[in-house]
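Residue 26 in UniProt numbering sits at position 26 of the sequence shown; the count goes up by one each step and never skips.
Even glycine gets a Cβ: it sits at the ideal position worked out from N, Cα and C.
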Amino acid sequence: MNSKNLAVIGECMIELSQKGADLSRGFGGDTLNTAVYIARQVPQQALNVHYVTALGTDSFSREMLQTWQQEQVKTDLIQQLDNKLPGLYVIETDDTGERTFYYWRNDAAARYWLDGPQAESLCAQLAQFDYLYLSGISVAILNPASREKLLTLLRQCRANGGQSDLR
C-alpha cells in the first residue's frame with residue numbers, strides 16, 4: 001500500500017495558561033492539534049502527516065519541532081526563519097472557569113512561510129500532495145501576496161487530483 005500525504009498548514013503558538021498564581025507553558029493551535037490527532041489515529045503506512053508552517057531558530061521553535069516529531073508529525077516542510085519567533089498567547093481563567101485569550105502574533109514566523117526563500121519549491125511539493133488542510137486563521141494571518149500564492153497552491157493541488165479542506 002502506498003502512503004498518502006496530508007499537509008496541515010497553519011500556525012502553532014507558545015501557550016501560557018494562567019489559573020490563579022500558577023502559569024504553565026505549552027504549545028497550541030487548531031491546525032497543530034488536527035495534525036497530531038490524525039497522526040495518532042491513522043497508521044503511517046496509510047498516511048504521512050506533515051505540518052507546514054514557519055518557525056524561528058530559537059529554543060521554543062526547536063522544542064516544538066522535537067515534540068511534533070515525537071508525535072509522528074513530519075516536520076521536513078517547516079521553514080526556520082532567522083529573526084522570527086513563534087506567536088504567543090495567554091489564557092487567563094477566572095474564578096468561575098471563564099477563559100480569556102490574549103494574543104501576540106503580529107510578527108510571528110508563521111505569517112511568513114510563503115515569503116521565505118524556499119516558498120516556491122515548497123509550493124511545488126505541496127501541489128503534489130493528496131490532501132491539504134488549513135483553517136481560516138491560516139489564510140487570515142497572511143499578507144495579500146502570500147494569500148494569492150496559497151490560493152494558487154490550492155488550485156494546483158486540485159488540478160493534480162489532490163483535495164483541500166479549509167475549516
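Beta strand (DSSP E) segment containing residue i, residue limits
i: Phe-60; result: That residue, Phe-60, is in no beta strand (DSSP E); its alpha helix (DSSP H) goes 59-70.
Which listed residue (the options) has its alpha carbon closest to that of residue i
i: Thr-53; options: Ser-17, Gln-72 and Gln-118; result: Gln-118
i: Lys-19; options: Gln-44, Arg-99, Asp-107 and Arg-155; result: Arg-99
i: residue 187; options: Tyr-102, Lys-4, Asp-58 and Thr-93; result: Outside the displayed span of the chain (1 to 167) sits residue 187, for which this structure offers no information.
i: Leu-166; options: Asn-143, Val-139 and Gln-156; result: Val-139
i: Glu-15; options: Arg-105, Arg-155, Glu-71 and Cys-123; result: Arg-105
i: Ala-108; options: Asp-130, Ala-21 and Ser-61; result: Ser-61
Neighbour flag for residue i against chain D, beta carbons, 8 Å
i: Ile-141; result: Reference to chain D is not applicable here, since this structure consists of a single protein chain.
Cross-strand partners of residue i (DSSP beta bridge)
i: Glu-92; result: Gln-18 and Thr-100
i: Asp-165; result: Tyr-133
i: Gln-79; result: Ala-54
i: Lys-4; result: Leu-47
Neighbourhood of residue i by C-beta distance below 7 Å, restricted to the same chain and skipping five residues each side
i: Ser-146; result: Leu-114 and Asp-115
Backbone CA spacing between residue i and residue j [nearest angstrom]
i: Pro-144; j: Thr-67; result: 31 Å
i: Asn-2; j: Gln-45; result: 7 Å
Residue range of the alpha helix (DSSP H) that includes residue i
i: Leu-126; result: 119-126
Same chain, Cβ closer than 8 Å to residue i, five either side skipped, listed in chain order
i: Arg-40; result: Glu-71 and Gln-72
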